[in-house]
Amino acid sequence: MADAGYLTIGKVVKRLQAEYPDLSVSKVRYLEDEGLLTPSRTPGGYRLYSSKDIKRLETILYLQKHRFLPLSVIREELDGHGEESVVALANDYPEAIVDDEEVRNSLHPLENMPELLGVSIAFVRDLANIGIVDLKRSPRGRELVNGHDFPLIRTADSLKRFGIEPRNLRQYVNAANRETTMFEQALSVMGPRQGEFTPEQRASYKQAFEQLLSLTNAIRDDLIRRNFRQVLAAISDTQES
10 MADAGYLTIG KVVKRLQAEY PDLSVSKVRY LEDEGLLTPS RTPGGYRLYS
60 SKDIKRLETI LYLQKHRFLP LSVIREELDG HGEESVVALA NDYPEAIVDD
110 EEVRNSLHPL ENMPELLGVS IAFVRDLANI GIVDLKRSPR GRELVNGHDF
160 PLIRTADSLK RFGIEPRNLR QYVNAANRET TMFEQALSVM GPRQGEFTPE
210 QRASYKQAFE QLLSLTNAIR DDLIRRNFRQ VLAAISDTQE S
């Protein structure tokens, strides 16, 4: 059976880890326990995954990582659509869960992150330890994740494919804190002298902030590109010598 295009669970994980670095044998088994995967079994009980099984797994991982759909919804949609391509199924969700206003403005239990975002609890805690994610606590001590932090978690998870771990992101937290102070000073002239913002003042303040953010991002991006041009030039010189 294994010679007819079937892969063991370990080989499936190895094949997909380049795209999904957080994928593990235990996670695939968890998806099976949740009823999302039903691989074949050898007489000895070993799992064997067909190309159809692997395609279904890719669909699940894609919808978790890029569309932030919970496993319960993914299961229903996969069962309803059959074995459609990842892109075709994903396109049914132009509004990802992360873009849902109710999700953004809510606090979500930390233990729900594997289902909601496809990342481990330990990974989110690592992000919280360096200041990327701001964990809250309920009155009963339950750890909660702000929905506004979901895009940050998604981006940090994507960076893992390049070998960039949460500890490497601390520099961005420090830089953001420094820039926030600079922004506050630059925009202080636009703030209300007394009382609260009027609607017009608030709109102008937000517009100025977005412009300032865009300009400073452009400076940062161009500086990194300049540095990287020098890196590429040095590599070319080494190869030619």
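The opening position of the sequence shown corresponds to residue 10 in the working numbering, with each subsequent residue numbered one higher. Quick reminder that beta carbons are idealized off the backbone N, C-alpha and C, glycines included.
- Cβ contact annotation for residue 169 (same chain, cutoff 7 Å, sequence separation greater than five): 30, 31, in chain order.
- Note that the C-beta distance between residue 129 and residue 123 is below 8 Å.
- Between the alpha carbons of residue 112 and residue 159 lies a gap of roughly 9 Å.
- Taking a contact to require three or more Cβ pairs closer than 8 Å, the segment 192 to 202 and the segment 163 to 178 do not qualify as touching.
- Residue 165 sits buried, since 16 or more C-beta atoms from the chains shown fall within 10 Å of its C-beta.
- Contact between residue 153 and residue 126 fails: their C-beta atoms lie close to 14 Å from each other, not under 8 Å.
- For residue 186, the uninterrupted alpha helix (DSSP H) run begins and ends at 179 to 196, by DSSP.
- Rounded to the nearest angstrom, the Cβ distance from residue 56 to residue 65 is 14 Å, too far for a contact under 8 Å.
- The C-alpha of residue 214 is placed about 21 Å away from the C-alpha of residue 157.
- Ranked by how close their Cα comes to the Cα of residue 133, the residues 161, 147, 151 have 161 in first place.
- Taking the Cα positions, residue 40 is about 44 Å away from residue 220.
- For residue 146, the beta-bridge partners assigned by DSSP are 152.
- Under the three-state reduction of DSSP output, residue 17 falls in the strand class.
- Sequence-distant partners of residue 14 (beyond 5 residues in either direction) whose C-beta falls short of 7 Å from its own C-beta, in its chain, are 59, 60.
- In this structure, the beta-carbon distance from residue 45 to residue 69 falls below 8 Å.
- For the pair residue 84 and residue 67, the Cα-to-Cα distance works out to about 13 Å.
- Distance from the CA atom of residue 223 to the CA atom of residue 189, rounded to whole angstroms, is 14 Å.
- With a threshold of 16 other beta carbon atoms within 10 Å, residue 21 meets it and is buried.
- With respect to residue 182, residue 141 sits close: the two C-beta atoms are nearer than 8 Å.
- Pairing residue 16 with residue 63 gives a Cβ-Cβ distance under 8 Å.
- Linking residue 163 to residue 71 through their CA atoms gives a straight-line distance of about 12 Å.
- Counting along the chain, residue 56 sits inside the beta strand (DSSP E) bounded by residues 56 to 58.
- In this chain, the alpha helix (DSSP H) harbouring residue 168 covers 159 to 168.
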